[in-house]
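Colleague: Taken in order, the sequence shown gives residues 5 to 262; the numbers are from my numbering. Think of the CB as a built atom: it goes at the ideal place given N, C-alpha and C, for glycine as much as any other residue. Attaching a single structure in structure tokens format; questions to follow.
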Amino acid sequence: MISSLRNQIRSLQGASVRLALLRILGLGLVTVVWLGAQNELKATKIKKVAVVYRDHHGMHLLSEREISRVVALKAKRPPRGIMEREKALRSQPSLVGADLSLGLDGILRVEVEFSRPVLRVMPIGRPGYYLDDRGFGVPLSPGFAWPLPLVLGAVPGHWSQGKASSHAGLALALRSHQALALDSILGTEVTQYVLSGADSASMELQTRSGQRIWVGTSMDLASKLNKLSLFYRWAPADSLPTRFHNINLIFKDQIVCR
């Protein structure tokens, strides 16, 4: 009986050893195949860069040529590996995301997603920058000519100062624009956001029809913009908004015009 148990134990131990050896051999084979594929990819020359846009808004702040310069071998000091190329592309401030893959056919597939500019900020004496829908500053693009509302007045001089929420005036302009963009009338009527006052925390709207609309600070902003929307929709014929040059929203439950 004891001898039979010993033989069974030896048999199980032998099976475990064989299974472990098979696992080691399998892992070694996978490693060899992976290394071979990596060496083949390294030897593959980039013949073409294929750019695929993942966004749907159509606001492409970099051209395909500019993207190719970042990731392909045409640059003066190109990064060597795919990961380095991908990192270099992702560092572009106008991109939300980027992924690269190189096939054995030599085609470098580049999938990119751009941020969506919603405002153009115009500091005095400088070319300015964009604010995207996330509130981040984005440098201007020479190949991008989409018409955007302007943010003027006391604004930060450079986009690299970070997110709009860190600046009271830019945050106010962005919040106002996001609300007005949903309005079928004011979304196209308001063309400028002019910042002023302490910490740039006060704002005036200017329209394509010539109205100057004083909003003031962010206090009761939603109520002010709602009053303005109702005024544009329901004003009597003898008091249409286009008849007035100045509109003031800061008074509770009323609009003052002249």
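Relative to the alpha-carbon of L229, which residue among L123, F148, L253 and H61 has its alpha-carbon at the smallest distance?
Modeller: Indexing the sequence shown from 1 puts residue 229 at position 225. Looking at the Cα atoms, L253 is the closest of the given residues.
Colleague: At what residues does the beta strand (DSSP E) containing S105 begin and finish?
Modeller: Taking the sequence shown and counting its residues from 1, one reaches residue 105 at position 101. Segment L99 to L106, the beta strand (DSSP E) holding S105.
Colleague: Check whether the segment 154 to 164 touches the segment 109 to 116, counting contact only when three or more Cβ pairs, one atom from each stretch, lie closer than 8 Å.
Modeller: Because the criterion of three Cβ pairs below 8 Å is not met, the segment 154 to 164 and the segment 109 to 116 do not touch.
Colleague: When DSSP builds the beta bridges, which residues end up paired with E208?
Modeller: Locating residue 208 in the sequence shown gives position 204, where the first residue counts as 1. Beta-bridge pairing links E208 to V198 and W218.
Colleague: Which two residues bound the contiguous beta strand (DSSP E) that contains R130?
Modeller: To locate residue 130, count along the sequence shown from 1; it is residue 126. Careful: R130 lies outside any beta strand (DSSP E) and carries neither H nor E.
Colleague: Apart from the five residues just before and just after M251, which ones in its own chain have a Cβ nearer than 8 Å to its Cβ?
Modeller: As a working mapping, residue 251 is identified with position 247 in the sequence shown. This sequence places Ile at residue 251; Met is not what is there. If we look at I251 and ignore the five residues flanking it on each side, its Cβ neighbours are Q215, R216, I217, W218, L232, F235, P245, I259, V260 and C261.
Colleague: In its own chain, which residues sit with a C-beta less than 8 Å from the C-beta of M96, not counting the 5 before and 5 after it?
Modeller: On the sequence shown, residue 96 is found 92 positions in, with the first residue counted as 1. Sequence check: residue 96 is Gln here, not Met. Closer than 8 Å at the Cβ level, and outside the excluded window around Q96, lie L66, V74 and A102.
Colleague: Using the rule of at least 16 other Cβ atoms within 10 Å of the residue's Cβ for burial, across every protein chain shown, is P121 buried or exposed?
Modeller: Your numbering for residue 121 matches position 117 in the sequence shown. Flag for P121 reads buried.
Colleague: CB L174 to CB L225, shorter than 8 Å?
Modeller: Locating residue 174 in the sequence shown gives position 170, counting from the first residue. Locating residue 225 in the sequence shown gives position 221, counting from the first residue. Taking 8 Å as the Cβ cut-off, L174 and L225 do not qualify as a contacting pair.
Colleague: Pop quiz: R138 and S119 are said to be a contact at Cβ under 8 Å. What is the actual Cβ separation, rounded to whole angstroms?
Modeller: Translated into the one-based positions of the sequence shown, residue 138 becomes position 134. Translated into the one-based positions of the sequence shown, residue 119 becomes position 115. The pair is a contact, with the Cβ atoms about 7 Å apart (cut-off 8 Å).
Colleague: Determine the burial state of G132: buried for a count of at least 16 other Cβ atoms within 10 Å of its Cβ, exposed for fewer.
Modeller: Working through the sequence shown from its first residue, we reach residue 132 at position 128. That one is buried.
Colleague: Spatial neighbours of E90 within its chain, please: CB distance less than 6 Å, with the 5 preceding and 5 following residues excluded, ordered by chain position.
Modeller: Counted from its first residue, the sequence shown places residue 90 at position 86. The residues are L104.
Colleague: Straight-line CA distance for Q210 to G85?
Modeller: Taking the first residue of the sequence shown as 1, we reach residue 210 at position 206. Taking the first residue of the sequence shown as 1, we reach residue 85 at position 81. If you take the alpha carbons of Q210 and G85, they lie about 50 Å apart.
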